[in-house]
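J.: Position 291 of the sequence shown, counted from 1, bears residue number 1179 in our numbering, the numbering being contiguous throughout. Backbone N, C-alpha and C fix where the C-beta goes; we use that ideal spot for every residue, glycine too.
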Amino acid sequence: MSGAKIILLVIVLIGNVGRIHSQISWSETAPGVWKATAGVPESYDLLKASGATPNREALSAITQAAFPLSQTDISIKVVDGKTYLRFPLQKEEQLFGFGLNFQTIHQRGKILQLHVDHYGGKDNGRTHAPTPFYVSSKGYGVFINSARYLTVYAGTGVRVESKNAPVAKDRNTDKSWSSRPYSDAVEILVPAAGVEIYVFGGPTALDAVKRFNLFNGGGCLPPRWGLGFTQRVKSLYTAEEVKKEVTAFREKGFPLDFIGLEPGWQSKSYPCTFSWDSVRYPDPAGFVQGLLKENIRVNLWTNPYVSPEAPFYKAIVPFSGSHTVWNGLVPDFTQDQARKLFFDQLQRDQVSKGVSGYKIDEVDGYDHYLWPDVASFPSGIPAEQMRQTFGLLVQRYSETIFHQQNKRTFGLVRASNAGGTSFPYVIYNDYYNHEDFITALINSGFAGVLWTPEVRASKTGEEWLRRFQTVVFSPMAMINAWASGTKPWSYNEVAEPIKQLALLRMQMMPYWYSAFARYHFEGLPPFRAMNLEEGFVQEAKKENGNANLEENPYAEAVSKEIKDQYMAGDYLLVAPLFAGQQTRKVVLPKGKWYDFFTGAFVGDGQVITVTPGLDKIPVYVKDGGIIPMMKPMLHAPLPGEKVDLNVRYYGDKPGKYMLYDDDGESYNYEKGDYCWREIKVERDKNGKLKGSISAPVKGKPNTVGNVLFEYMTNREPSPHRGRAGEGGH
Ligand code: GAL
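(1) Any heavy atom of ligand 1 closer than 8 Å to the beta-carbon of Lys1247?
(2) Spatial neighbours of Arg1284 within its chain, please: CB distance less than 7 Å, with the 5 preceding and 5 following residues excluded, ordered by chain position.
(3) Decide yes or no for the touch test of the stretch 1114-1125 against the stretch 1049-1056: beta carbon pairs closer than 8 Å, at least 3 of them.
(4) Confirm, please, whether the CB-CB distance from Gly1082 to Thr1118 is below 9 Å.
(5) On the DSSP letters alone, give me the boundaries of the beta strand (DSSP E) that His1291 sits inside.
(6) Would you say the beta carbon of Ser1123 comes nearer than 8 Å to a heavy atom of ligand 1?
(7) Are three or more beta carbon pairs between the stretch 1230-1246 and the stretch 1286-1301 nearer than 8 Å?
(8) Could you check the C-alpha separation between Trp1352 and Ala1463 for me, to the nearest Å?
(9) What would DSSP say about Pro1206, mapped onto helix, strand or coil?
(10) For Leu1300, which three-state DSSP category applies?
(11) Apply the 10 Å Cβ neighbour rule to Pro1170 and answer buried if 16 or more other Cβ atoms are within range, or exposed otherwise.
(12) By a C-beta neighbour count over all protein chains shown, 10 Å radius and 16 as the cutoff for buried, is Ser1606 buried or exposed?
(13) Of all the alpha helix (DSSP H) runs that stay within the bounds of the stretch 1168-1214, which reach a length of 4 or more residues?
(14) Within 10 Å of its beta-carbon, does Asp1062 have 16 or more other beta-carbons around it, so buried, or fewer, so exposed?
(15) Kindly examine ligand 1 and report whether one of its heavy atoms sits closer than 8 Å to the Cβ of Arg1302.
(16) Thinking C-beta only, is Glu1570 closer than 9 Å to Met1546?
(17) In the structure shown, what three-state DSSP assignment does Pro1516 receive?
(18) Opposite Tyr1538 in the DSSP bridges: which residues?
(19) Taking only three categories from DSSP, how would you classify Phe1424?
(20) For Ser1264 versus Glu1197, is the C-beta distance shorter than 9 Å?
(21) Between which two residues does the beta strand (DSSP E) carrying Thr917 extend?
(22) Which class does Val1130 belong to by DSSP, given the choice of helix, strand or coil?
(23) If you measure from the CB of Ala1371, is any heavy atom of ligand 1 nearer than 8 Å?
(24) Could you give the DSSP three-state label for Trp1352: helix, strand or coil?
(25) Any heavy atom of ligand 1 within a distance shorter than 8 Å of the CB on Trp1189?
(26) Which whole-angstrom value is the C-beta distance of Val1360 and Leu1389, which I expect to be below 8 Å?
(27) Determine the burial state of Pro1260: buried for a count of at least 16 other Cβ atoms within 10 Å of its Cβ, exposed for fewer.
(28) Consider the C-beta atom of Asp1318 and the heavy atoms of ligand 1; say whether any pair is separated by less than 8 Å.
(29) Taking 8 Å as the cut-off, is the CB of Pro1151 close to at least one heavy atom of ligand 1?
(30) Kindly list the residues whose CB is nearer than 8 Å to the CB of Thr1601, restricted to its own chain and excluding five residues on each side of it in sequence; keep chain order.
(31) Among Thr1039, Arg1047, Gln952, Pro919, whose alpha-carbon lies nearest the alpha-carbon of Leu977?
(32) Where do the ends of the beta strand (DSSP E) carrying Pro1159 lie?
(33) Would you say the beta carbon of Glu1620 comes nearer than 8 Å to a heavy atom of ligand 1?
(34) Where does Trp1564 fall in DSSP's three states?
(35) Identify every residue that forms a DSSP beta bridge with Glu1570.
As structure tokens, then:
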């Protein structure tokens, strides 16, 4: 080598100090899921925290997909201890996801810092589940398995060397000048010297979402009772007051499956003692068992911060973080000893007495309330990673208690992250904007989590009813009256429609239960965005929100997004109204749609304007839609209890539906103790609609009684009701 060449080589080597250009190699780690490793990934990440294991069999059942991106357009670099990721973006490509956002569905053009936190009113990445996963309208998904605060530039940065670099324009004279020139990449900064990256194939965006959920173990399957109605009583309620509340539900004919106790059941909180208060609850076992006899389960509020008066306080000191939260210790749940001390107390003191679940509060943030990022934990896991995963850890290990006794649970939590899809928990928060609650419900389907637009109290009966209408079309039908003590019937003028809605929730239990089974076995989110629905076309109208150049010289027109209607289960489109609204537009995807309540045809691939009246929430059914319903019971059916079905059919197209069945309470479904039964509606040779259900499977659970078909749209030829007994005809 000549002297000059050696000098050149030395210069190149010096220039590359601290920089590792990874040779990216993608391997298909599960069907339709590719993995690449950048640098040296950290030993702790989201999948390790959650312990999620892919459901490979279900993944392989999805249509095969090829690697969805151009590999040469993906760039992965580790420079000075940080990982720089770049993924290509095409023109017109839309991006969804990046966690539980509350105000926007479309994420292209956003700069976000994914950070577990209470939602603070802005979609900036700080949220209860800042899942580092995005989905593209081109039919693929990308997941970064890091428990760090990731900075995301979702199509904002413009590189000099971009193949599609926008041309410079003269702002003075060129009307097409833009303050946000075209960007052809999603860029992500990971503050660590390596990370695992996963790409999920389609072919559709919905397939990519399903793959992500299945890769995380599939969605949770709640017990049947979890899909009934739940009321959370006022803080400091006594056992007697709770029993009185339960009696009031029964006497008034309101359904109730589980009741939530808020702060006050423990002797002290916050920080928490994790022990019953002996005055308000003198006989916890008698109290819980008494309610169980009435088919009412008990769910307990708690946060995980340990009071000096908790029985295991001293023992858990060495396994806790350096900083306190509300003067309580923060257990390091990545350590066996901390888990054992903490969850054994819950098991011994509450679950063994019959408690059915928890609401695990305050694991998300409001920075002042949590440990700071300078805190340390005995496991050596940095405070930042602990923050990003604490919600996962409390879900994972609390669920274990129930799993061990083969009883399902369904609870609430205020933080989660990627990897948490299979945990039977629903996210909630203290924010209370009804519109934003619906947008969060839509985004939950991209984030691999569940969200409840819980109802607390309202200024008017109208608002109460509008909020209630949406919570019954959500994963958890709940009133959280911890502060107000509100009851469903508190607003006299709307008490009757509220009752009818609560009963409708119960009638629809077979539909909700099968929707969750599809979440578990197929990864299909039970509540999801219109954007995942075939034939959905956005209105392309742009609005620029009264741009005032003096306030914002770079304001740009933005596309109006559809963030107030969503899909629920296989066939339903829900389009809520909010207080003050009498009328709204509904964007119907291509295909015929029918009114859920009347069966009437409402439109096909068009935007309709509806004025449904106060006591109706607009809900539409896809052509050929089948909705199995039961009678309006006040509690979920007991395990093994046979229930007659009223199967509604809508439209003209032949209908097909898979009804899921199991014991509704245990984990025996994990061992194959379940069955799917096919329901069909077709026309016979005389053109008459005929419904049938496949025979029960020998040796498998069967809770289906008589099946009655109700043809909602084509009520002719009469009689419009047909009957099909068990086994079908
Ligand atoms: C909040 C929680 C509320 C309620 C309250 C009780 O943190 O979000 O739903 O449980 O605590 O103090």
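T.: Checking against the coordinates, here is how it stands:
(1) yes
(2) Ser938, Gly939, Phe1311
(3) no
(4) no
(5) Where His1291 is concerned, there is no enclosing beta strand (DSSP E), although the alpha helix (DSSP H) it sits in stretches over 1271-1292.
(6) yes
(7) yes
(8) 17 Å
(9) helix
(10) strand
(11) exposed
(12) At Ser1606, the pLDDT of 40 sits below 50, so the modelled position is not reliable; the number obtained from the coordinates is stated separately. Classification of Ser1606: exposed, given that the 10 Å Cβ count is below 16.
(13) 1172-1181, 1201-1204
(14) exposed
(15) yes
(16) no
(17) strand
(18) Partner(s): none; Tyr1538 has no beta bridge.
(19) coil
(20) no
(21) 915-918
(22) helix
(23) yes
(24) helix
(25) yes
(26) 5 Å
(27) exposed
(28) yes
(29) yes
(30) Tyr1482, Gly1487, Ala1488, Phe1489, Tyr1537, Tyr1538, Gly1539, Asp1540
(31) Arg1047
(32) Pro1159 -> no beta strand (DSSP E), and no H or E assigned at all.
(33) Examination of residue 1620 is not possible in this model, given that the chain is present from 889 through 1617 alone.
(34) strand
(35) Lys1578
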